[in-house]
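Enquirer: For any residue, its number in the numbering used here is found by taking its place in the sequence shown, counting from 1, and adding 46.
Following this message is one structure expressed as structure tokens.
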Amino acid sequence: MPISKHLRSHRSIRSYRSDDIPDEWLNEFLQDGIRASSSGNMQSYSIIVTRNRDIKEKLYKAHFEQAMVREAPMVITFCADFHRMREWLRVSNAPDNFDNVMSFMVAAIDAVLVAQNVALAAEAQGLGICFMGTTLASCRKIGKILKLPKNVFPVTSIVLGHPNENPEVRDRLPQNGLVHYETYQDYSDERIREIYRDRETAGWDRYMAMPRLRKLVEDSGVENLAQLYTTVKYTRESHERMSRALLDYLAEQDFMSGLENYQAASSR
Ligand SMILES: Cc1cc2nc3c(=O)[nH]c(=O)nc-3n(C[C@H](O)[C@H](O)[C@H](O)COP(=O)(O)O)c2cc1C
47 MPISKHLRSH RSIRSYRSDD IPDEWLNEFL QDGIRASSSG NMQSYSIIVT
97 RNRDIKEKLY KAHFEQAMVR EAPMVITFCA DFHRMREWLR VSNAPDNFDN
147 VMSFMVAAID AVLVAQNVAL AAEAQGLGIC FMGTTLASCR KIGKILKLPK
197 NVFPVTSIVL GHPNENPEVR DRLPQNGLVH YETYQDYSDE RIREIYRDRE
247 TAGWDRYMAM PRLRKLVEDS GVENLAQLYT TVKYTRESHE RMSRALLDYL
297 AEQDFMSGLE NYQAASSR
């Protein structure tokens, strides 16, 4: 299939057959993955493939019990990883400057690029994938389950397997609402309404077809999709709690060096 046809037929798969993926396929996907660009070619990521039922069960709980984690034959966790590089620096008697937020961002971008390559390779083979945002939400739990050393941080995961559903391709916001030429063109209220017009019905209908969400919406008095996003799905309370947990785990994993006085400096 030509690459653009392949890219445009992507849809997340959330229901899987249990049959395993041959090792040869997995190795091909991983090879495709590690061809991704990486900052300084440092490849500051690690990829953790989990097929073991017991470990997958623990991950299932950490991923808010999303059934696809149990169902799919494997979960792949992509980690920002400066541990390996720092070990190399240590044994080479080289200075080590990678215990900070800049290093985390560099490593996180590397990890996400590899993840998308692996996902595309698997989809090209006819398999399904779904990214798991719960990786960040449960970063500390997942770090413990996967025994991550300091300077390794789980950034994203995919479940991967044979699809057991055939969903429609989902809508996207119009290209002209997403792309700016030369410099950023800020949006008028009218333009915002125009860009989100189709989303407001497509997204609303989709969520109303999910009994659990429908009940939450009915109980909360939410009237439109925008309200649904921030009253039901992504609340301030949950986002602030997860932000604190994320920063705490970044500090625990030794990615926050040099920021001890950040609050004081930024409020001056
Ligand atoms: C970083 C990231 C995290 C995601 N986390 C979840 C998740 O935890 N559960 C889920 O069902 N889908 C998750 N998704 C899938 C998105 O919901 C999906 O990509 C989006 O709705 C668009 O649908 P499509 O991928 O089928 O085009 C995630 C996607 C991304 C990129």
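No residue lacks a Cβ here, since even glycine has one placed at the ideal position from N, Cα and C.
#1: Taking Cβ positions, are Val-160 and Ala-82 nearer each other than 8 Å?
#2: Can you check whether the CB of Phe-128 is closer than 8 Å to the CB of Ala-153?
#3: Tell me where the beta strand (DSSP E) around Leu-206 begins and ends.
#4: For Phe-177, write down the residues that DSSP places opposite it in a beta bridge.
#5: To the nearest angstrom, how far is the alpha carbon of Thr-276 from that of Arg-282?
#6: For ligand 1, any of its heavy atoms closer than 7 Å to the Cβ of Gly-179?
#7: Alpha carbon to alpha carbon, how far is Leu-76 from Val-164?
#8: So that I know if they touch, is there some Cβ in chain B lying closer than 8 Å to that of Tyr-62?
#9: Out of Glu-228, Ala-248, Asn-212 and Leu-219, point me to the one whose CA is closest to Ile-238's CA.
#10: In the DSSP output, which residue or residues are listed as bridge partners for Ser-92?
#11: Quick one, which of His-226, Ile-241 and Lys-190 has its alpha-carbon nearest Glu-298's?
#12: Does the distance from the C-beta atom of Thr-180 to that of Pro-200 stay below 8 Å?
#13: Tell me the rounded alpha-carbon separation between Ile-67 and Gly-207.
#14: Nearest CA to the CA of Phe-177: which residue from Ser-58, Met-302 and Val-147?
#15: Check Met-120 in the structure and name its three-state DSSP category.
Expert: Let me lay it out:
#1: Within the sequence shown, numbered from 1, the residue matching residue 160 stands at position 114. Within the sequence shown, numbered from 1, the residue matching residue 82 stands at position 36. Contact flag set, yes.
#2: Counting from one through the sequence shown, the residue named residue 153 turns up at place 107. Counting from one through the sequence shown, the residue named residue 128 turns up at place 82. The beta carbons of Ala-153 and Phe-128 sit closer together than 8 Å.
#3: In the sequence shown, the residue the question calls residue 206 occupies position 160. Element bounds for Leu-206: 198 to 207.
#4: Your numbering for residue 177 matches position 131 in the sequence shown. In the DSSP output, where bridge partners are listed per residue, Phe-177 has Ile-204.
#5: By 1-based counting over the sequence shown, the position of residue 276 is 230. By 1-based counting over the sequence shown, the position of residue 282 is 236. When only Cα atoms are considered, Thr-276 and Arg-282 end up about 7 Å apart.
#6: Numbered from its first residue, the sequence shown carries residue 179 at position 133. Yes, Cβ of Gly-179 sits closer than 7 Å to a heavy atom of ligand 1.
#7: On the sequence shown, residue 76 is found 30 positions in, with the first residue counted as 1. On the sequence shown, residue 164 is found 118 positions in, with the first residue counted as 1. Take the alpha-carbon of Leu-76 and the one of Val-164: they are about 6 Å apart.
#8: Of the chains in the structure shown, none is chain B; there is only one protein chain.
#9: As a first step, residue 238 must be located in the sequence shown, where it is residue number 192. Distance check between Ile-238 and each of Glu-228, Ala-248, Asn-212 and Leu-219 places Leu-219 closest, using alpha-carbon atoms only.
#10: As a first step, residue 92 must be located in the sequence shown, where it is residue number 46. Ser-92 has Cys-125 as its beta-bridge partners, per DSSP.
#11: Numbered from its first residue, the sequence shown carries residue 298 at position 252. For Glu-298, the nearest C-alpha among the options comes from Lys-190.
#12: Along the sequence shown, read from residue 1 onward, the residue named residue 180 stands at position 134. Along the sequence shown, read from residue 1 onward, the residue named residue 200 stands at position 154. Not in contact: Thr-180 and Pro-200 (Cβ atoms no closer than 8 Å).
#13: Here residue 67 refers to the residue found at position 21 when the sequence shown is read from its first residue. Here residue 207 refers to the residue found at position 161 when the sequence shown is read from its first residue. Looking at the two C-alpha atoms, the distance is approximately 7 Å.
#14: In the sequence shown, counting from the first residue as 1, residue 177 sits at position 131. Minimum Cα distance to Phe-177 is reached at Ser-58.
#15: Residue numbering aside, residue 120 sits at position 74 when the sequence shown is read from its first letter. Strand at Met-120.
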